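Line by line, the protein sequences give chains A and B. Counting with the working numbering, you get residues 40 to 365 for the letters of the first sequence. Counting with the working numbering, you get residues 136 to 421 for the letters of the second sequence. Just so it is clear, CB atoms sit at the ideal spot from N, CA and C, and this is done for glycine as well. Being a predicted model, the structure only gives us computed values, none of them experimental. Presented below is the structure to which this report refers.
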Amino acid sequence: MTAYVIRRLLLFVPMAIGIVIVTFCLLLLIPGDPAAVLLGQEATPEAIATLRRTLGLDQPAYIQLFIYFGNVVQGDLGQSIFQNAPVSEIILGRIGATLELAIVALTMSAAIGITLGVIAAMRPGGIVDASAMVLAQLGISMPVYWLALLLMLAFAVMLGWLPAIGRGEPLLSAFGMAIAGNPAPLLDSLSHIALPAASLAVNSAAIISRLVRASMLEVLNEDFVRTARAKGVRRRQVIWKHALRNALLPVISVIGLRFGALLGGAILTETIFAWPGLGQLTIAAISQRDLPLIQGIVLTFAMIFATVTLIVDLLYAVVDPRIRLK
Amino acid sequence: MADTKLRARRFRLPRRLRNAALLIGAAISSTIILLAVFAPFLATHDLAAMDMVNRFSGPSVEHLLGTDNFGRDIWSRLIYGARISLTIAIIAVVCSAIIGTIVGLVSGYFGGWVDLLLMRLTDIFLGFPPLLLVLAVVAVLGPGLFNVAASLVVVSWTEYARVVRSTTLSLREQNYVQAARALGASPWRILLREILPNSLGPITVLASLGLGTAIVWESALSFLGFGLPPPAPTWGWSLSYGTRFIRDEPWLSVVSGAAIMVTVLGFNLLGDGLRDVLDPRHKNRG
Chain A
40 MTAYVIRRLL LFVPMAIGIV IVTFCLLLLI PGDPAAVLLG QEATPEAIAT
90 LRRTLGLDQP AYIQLFIYFG NVVQGDLGQS IFQNAPVSEI ILGRIGATLE
140 LAIVALTMSA AIGITLGVIA AMRPGGIVDA SAMVLAQLGI SMPVYWLALL
190 LMLAFAVMLG WLPAIGRGEP LLSAFGMAIA GNPAPLLDSL SHIALPAASL
240 AVNSAAIISR LVRASMLEVL NEDFVRTARA KGVRRRQVIW KHALRNALLP
290 VISVIGLRFG ALLGGAILTE TIFAWPGLGQ LTIAAISQRD LPLIQGIVLT
340 FAMIFATVTL IVDLLYAVVD PRIRLK
Chain B
136 MADTKLRARR FRLPRRLRNA ALLIGAAISS TIILLAVFAP FLATHDLAAM
186 DMVNRFSGPS VEHLLGTDNF GRDIWSRLIY GARISLTIAI IAVVCSAIIG
236 TIVGLVSGYF GGWVDLLLMR LTDIFLGFPP LLLVLAVVAV LGPGLFNVAA
286 SLVVVSWTEY ARVVRSTTLS LREQNYVQAA RALGASPWRI LLREILPNSL
336 GPITVLASLG LGTAIVWESA LSFLGFGLPP PAPTWGWSLS YGTRFIRDEP
386 WLSVVSGAAI MVTVLGFNLL GDGLRDVLDP RHKNRG
């Protein structure tokens with residue numbers, strides 16, 4: 040187990056280095072003089088010259104890369120061009136909201152996806168199976184921004200049940216208050232996160248449900264399932280306990296991978312529901328072509344994603360001994 | 136005999152569904168393609184023609200899908216929007232397929248450090264949330280048809296690379312490839328004449344699914360305002376623009392979103408259907 044953990048951790052290093060290099064290369068993709076392009080047409084030559092210096096553009100590319108790398112390792116993501124604050128500070132102020140949204144959405148998609156997948160696999164070929172899979176196909180093809188608008192239209196505009204935009208108290212502190220005897224902020228937070236999280240979750244839930252179904256069908260064909268049935272264990276119990284546990288193994292890694300898609304999708308949902316997280320910040324940064332901020336966000340997202348993948352791989356090894364012995 | 140019967144019963148409906156998937160998918164996607172190709176003949180109105188008296192009119196004989204906030208004909212704008220989406224998606228998919236296939240073939244056939252290097256590179260690109268990378272690339276390249284397509288290529292080539300690599304790995308050991316090698320065929324000849332033709336099945340499946348994904352992302356870009364700038368009638372921009380009037384006139388947004396969804400659904404169904412026909416490994420699975 041230790042050997043596996045060390046090997047997996049070592050793999051993380053080249054990955055992280057690669058992510059930093061790709062992020063750096065975004066700067067090289069800018070056609071022409073980046074400083075002039077970033078500042079726009081009204082910029083004075085002095086301002087352009089200053090930006091060239093702060094971005095280190097007067098150095099050759101490989102030296103720029105080394106400098107960038109050294110800074111990133113020390114947690115310095117540079118200075119935002121338009122917000123006059125360190126990029127790391129701006130990002131830290133907003134990362135919580137995005138993580139909260141992504142984690143709630145991931146939990147929702149796993150819960151819905153697994154339930155739907157198992158129910159579909161119970162009677163393969165049946166009417167429930169067919170409708171579940173049609174539903175999944177629709178969920179996969181549904182663009183998140185359209186779904187978000189439809190949900191907003193239905194539940195916020197027409198029915199008026201849920202707030203259309205904004206965020207309540209952060210969920211964790213709202214939980215704290217609820218435990219302390221004040222449930223109002225928690226209800227408010229939950230009502231705010233319901234629509235953004237749901238619209239973000241549907242796509243992943245659909246993908247997970249298909250996978251769970253396929254995986255369940257395979258497991259249900261195995262000998263130990265027949266043995267359990269032959270022993271007289273109830274069908275329901277065999278499905279939800281014996282089979283599901285084994286069927287979930289391949290699904291775990293996919294649930295981890297979905298986290299990356301959710302972070303990306305958060306850019307759209309946050310914009311639509313005015314959720315004050317990194318996604319909204321991304322759009323602002325891109326509209327202004329604030330390159331250090333864009334690079335910082337890209338790097339942050341990729342590092343979160345890589346860390347989640349790492350955790351999932353390690354969890355996987357804990358759950359399935361075959362992995363760590365390979 | 137008993138076994139086949141059991142299996143036939145177990146997979147009866149899904150298989151029927153799959154054939155249905157292929158048919159419905161092919162029908163939807165070819166309809167969209169035809170609409171896009173013949174848009175100039177099928178458009179009933181000039182794209183920019185405004186009719187301020189008839190703003191937000193519902194579907195009618197005059198305006199098949201009604202009009203938008205400037206009284207422009209939604210149907211005509213939608214089919215021209217299909218042109219934009221499909222053009223970008225096709226360019227992106229073809230380029231991704233070519234790049235990914237080359238990487239996959241080389242990686243799988245030569246193995247060793249070449250394989251290691253190329254696959255680490257693929258992993259790194261897979262390590263970014265796709266939409267974010269697309270946005271970042273468009274942000275630095277600037278808007279425009281080819282830049283949008285290029286940004287989609289940056290995130291899409293990896294899938295082809297991985298799939299083609301694994302097909303190449305298994306094909307490399309096949310007898311006919313060994314025979315070609317024994318006859319003295321050069322690696323490139325083997326890759327192009329023996330291995331590539333046999334990898335076309337999975338590549339076609341990925342390309343079909345990839346068209347759907349490319350359209351979702353292209354529309355996401357124009358939805359956020361980073362796609363082709365107006366007055367280009369992109370679906371994403373119409374959807375996003377429609378949200379300004381969504382309280383009273385949700386029609387424009389709903390129709391544009393439905394166009395995106397139906398198109399994506401079509402290509403996804405086609406891809407899933409093709410996979411079941413072309414890829415025997417998936418045949419008996421969900």
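1) Taking a contact to mean a Cβ-Cβ separation below 7 Å, would you say T83 of chain A touches Q334 of chain A in this structure?
2) Residue range of the alpha helix (DSSP H) that H231 of chain A falls in?
3) Rounded C-beta distance between L133 of chain B and V241 of chain B? I'm assuming under 8 Å.
4) Please name the residue in B:V229, B:L404, B:L200, B:E308 whose C-alpha comes closest to that of W386 of chain B.
5) For T339 of chain A versus G295 of chain A, is the C-beta spacing smaller than 7 Å?
6) Who are Q118 of chain A's beta bridge partners in DSSP?
7) So what does DSSP say about D262 of chain A, is it helix, strand or coil?
8) Please go through the segment 210–282 of chain B and give each complete alpha helix (DSSP H) segment of 4 or more residues, from N-terminal end onward.
9) Should I228 of chain A and L210 of chain A be called a contact, given that it needs their Cβ atoms to be closer than 7 Å?
10) Take every Cβ of the segment 316–333 of chain B, pair it with every Cβ of the segment 203–214 of chain B, and state whether three or more of those distances are shorter than 8 Å.
11) CB L116 of chain A to CB R328 of chain A, shorter than 7 Å?
12) Within this structure, are the beta carbons of H231 of chain A and G215 of chain A separated by less than 7 Å?
13) Rounded to the nearest angstrom, how far is the Cβ of G152 of chain A from that of S248 of chain A, given a contact under 8 Å?
14) Comparing alpha-carbon positions, which option in B:V397, B:L280, B:Y244, B:V289 lies nearest L65 of chain A?
15) Taking a contact to mean a Cβ-Cβ separation below 7 Å, would you say A223 of chain A touches L201 of chain A in this structure?
16) Could you tell me if L344 of chain B is buried or exposed, where buried requires 16 or more neighbouring beta carbons within 10 angstroms of its beta carbon?
17) Using only alpha-carbon positions, find the residue among B:V340, B:S220, B:E294, B:A161 that is nearest to W372 of chain B.
18) Reducing DSSP to helix, strand and coil, say where T62 of chain A ends up.
19) Helix, strand or coil for D208 of chain B? Go by DSSP, reduced to three states.
20) Answer yes or no: do A195 of chain A and A203 of chain A have a C-beta to C-beta separation smaller than 7 Å?
21) What residues from chain C crowd round S354 of chain B, counting only those whose CB sits closer than 7 Å?
22) Determine whether the Cβ of L400 of chain B lies closer than 7 Å to any Cβ atom of chain A.
23) Within the continuous alpha helix (DSSP H) that includes A187 of chain A, where are the two ends?
24) Can you name, in chain order, every residue of its own chain whose Cβ lies under 6 Å from the Cβ of F51 of chain A, other than the five neighbours on each side?
25) Under 7 Å between C-beta atoms, does I291 of chain A make it to chain B?
26) Find out if the Cβ-Cβ distance for the pair R91 of chain A, A74 of chain A is shorter than 7 Å.
27) If you run the structure through DSSP and keep just helix, strand and coil, what is T308 of chain A?
28) What first and last residue would you give for the alpha helix (DSSP H) that runs through P130 of chain B?
29) Count the other C-beta atoms from every protein chain shown that fall within 10 angstroms of the C-beta of N242 of chain A, then say buried if there are 16 or more, exposed otherwise.
30) What does L332 of chain A reach in chain B if we use C-beta pairs closer than 8 Å?
31) Per DSSP, what kind of secondary structure is T422 of chain B in: helix, strand or coil?
32) Quick one: list the residues of chain A neighbouring P385 of chain B, beta-carbon separation under 7 Å, in chain order.
33) Measuring alpha carbon to alpha carbon, tell me which of B:E329, B:P368, B:F260, B:Q313 ends up nearest R218 of chain B.
34) Looking only at C-alpha atoms, which of A:T346, A:L192, A:S326 sits nearest to I120 of chain A?
35) Classify V290 of chain A as buried or exposed, calling it buried when 16 or more other Cβ atoms lie within 10 Å of its own Cβ.
36) From the DSSP output, in three-state form, read off T202 of chain B for me.
Concretely, from the data shown:
1) Taking the first sequence and counting its residues from 1, one reaches residue 83 of chain A at position 44. Taking the first sequence and counting its residues from 1, one reaches residue 334 of chain A at position 295. Contact: no.
2) The count along the first sequence starts at 1 and reaches residue 231 of chain A at position 192. Where H231 of chain A is concerned, the enclosing alpha helix (DSSP H) stretches over 223–259.
3) Examination of residue 133 of chain B is not possible in this model, given that chain B is present from 136 through 421 alone.
4) Within the second sequence, the letter at position 251 stands for residue 386 of chain B. The shortest Cα separation from W386 of chain B among B:V229, B:L404, B:L200, B:E308 belongs to B:L200.
5) Along the first sequence, one-based indexing puts residue 339 of chain A at 300. Along the first sequence, one-based indexing puts residue 295 of chain A at 256. Result no, Cβ atoms of T339 of chain A and G295 of chain A do not sit closer than 7 Å.
6) Locating residue 118 of chain A in the first sequence gives position 79, where the first residue counts as 1. For Q118 of chain A, which the question treats as bridged, DSSP gives the partners A:P125.
7) Here residue 262 of chain A corresponds to residue number 223 of the first sequence, with the count starting at 1. Reduced to three states, the DSSP call for D262 of chain A is helix.
8) 247–261, 265–276
9) As a position in the first sequence, residue 228 of chain A is number 189, starting the count at 1. As a position in the first sequence, residue 210 of chain A is number 171, starting the count at 1. A small fix is needed here, since residue 228 of chain A is Ser in this sequence, not Ile. Against a cut-off of 7 Å, the Cβ pair of L210 of chain A and S228 of chain A comes out as a contact.
10) no
11) Taking the first sequence and counting its residues from 1, one reaches residue 116 of chain A at position 77. Taking the first sequence and counting its residues from 1, one reaches residue 328 of chain A at position 289. Cβ atoms of L116 of chain A and R328 of chain A: not closer than 7 Å.
12) On the first sequence, residue 231 of chain A is found 192 positions in, with the first residue counted as 1. On the first sequence, residue 215 of chain A is found 176 positions in, with the first residue counted as 1. Cβ atoms of H231 of chain A and G215 of chain A: not closer than 7 Å.
13) The residue given as residue 152 of chain A occupies position 113 in the first sequence. The residue given as residue 248 of chain A occupies position 209 in the first sequence. 4 Å between Cβ atoms; contact.
14) The sequence position of residue 65 of chain A within the first sequence is 26, counting from 1. Its Cα nearest to that of L65 of chain A, the residue B:V289 stands out among B:V397, B:L280, B:Y244, B:V289.
15) Here residue 223 of chain A is taken as the residue at index 184 of the first sequence, counted from 1. Here residue 201 of chain A is taken as the residue at index 162 of the first sequence, counted from 1. No. Outside cutoff.
16) Start at 1 with the first residue of the second sequence, and residue 344 of chain B comes out as number 209. By the neighbour-count rule (16 or more Cβ atoms within 10 Å), L344 of chain B is buried.
17) Within the second sequence, the letter at position 237 stands for residue 372 of chain B. Of B:V340, B:S220, B:E294, B:A161, the residue nearest in Cα terms is B:S220.
18) Counted from its first residue, the first sequence places residue 62 of chain A at position 23. In this structure, T62 of chain A counts as helix in the three-state DSSP scheme.
19) Here residue 208 of chain B corresponds to residue number 73 of the second sequence, with the count starting at 1. Correct three-state label for D208 of chain B: strand.
20) On the first sequence, residue 195 of chain A is found 156 positions in, with the first residue counted as 1. On the first sequence, residue 203 of chain A is found 164 positions in, with the first residue counted as 1. Yes, Cβ-Cβ distance for A195 of chain A and A203 of chain A is below 7 Å.
21) The chain labelled as chain C is not found among the protein chains of the depicted structure, namely A and B.
22) The sequence position of residue 400 of chain B within the second sequence is 265, counting from 1. Cβ-Cβ to chain A under 7 Å: yes for L400 of chain B.
23) Taking the first residue of the first sequence as 1, we reach residue 187 of chain A at position 148. It spans 183–190 - the alpha helix (DSSP H) in which A187 of chain A sits, taken as one unbroken run.
24) As a working mapping, residue 51 of chain A is identified with position 12 in the first sequence. These residues qualify, in order along the chain: L349.
25) Position 252 of the first sequence, counted from the start, is the residue given in the question as residue 291 of chain A. Answer no: the Cβ-Cβ gap between I291 of chain A and chain B never drops below 7 Å.
26) Translated into the one-based positions of the first sequence, residue 91 of chain A becomes position 52. Translated into the one-based positions of the first sequence, residue 74 of chain A becomes position 35. Against a cut-off of 7 Å, the Cβ pair of A74 of chain A and R91 of chain A comes out as a contact.
27) As a working mapping, residue 308 of chain A is identified with position 269 in the first sequence. T308 of chain A falls in the helix class under three-state DSSP.
28) There is simply no residue 130 of chain B to check, as chain B begins at 136 and stops at 421 in what is shown.
29) By 1-based counting over the first sequence, the position of residue 242 of chain A is 203. Under this definition N242 of chain A is a buried residue.
30) Within the first sequence, numbered from 1, the residue matching residue 332 of chain A stands at position 293. Correct list: empty, because the minimum Cβ distance to chain B is about 10 Å.
31) Shown here, chain B extends from 136 to 421; a query on residue 422 of chain B therefore has no answer.
32) Numbered from its first residue, the second sequence carries residue 385 of chain B at position 250. Chain A residues near P385 of chain B: L192.
33) Taking the first residue of the second sequence as position 1, residue 218 of chain B is located at position 83. Nearest of B:E329, B:P368, B:F260, B:Q313 to R218 of chain B, Cα basis: B:P368.
34) Stepping through the first sequence from its first residue, residue 120 of chain A is reached at position 81. Checking every option, the nearest Cα to that of I120 of chain A belongs to A:S326.
35) As a first step, residue 290 of chain A must be located in the first sequence, where it is residue number 251. The residue is buried, with at least 16 neighbouring Cβ atoms inside 10 Å.
36) Stepping through the second sequence from its first residue, residue 202 of chain B is reached at position 67. When secondary structure is reduced to three states using DSSP, T202 of chain B falls in the strand class.
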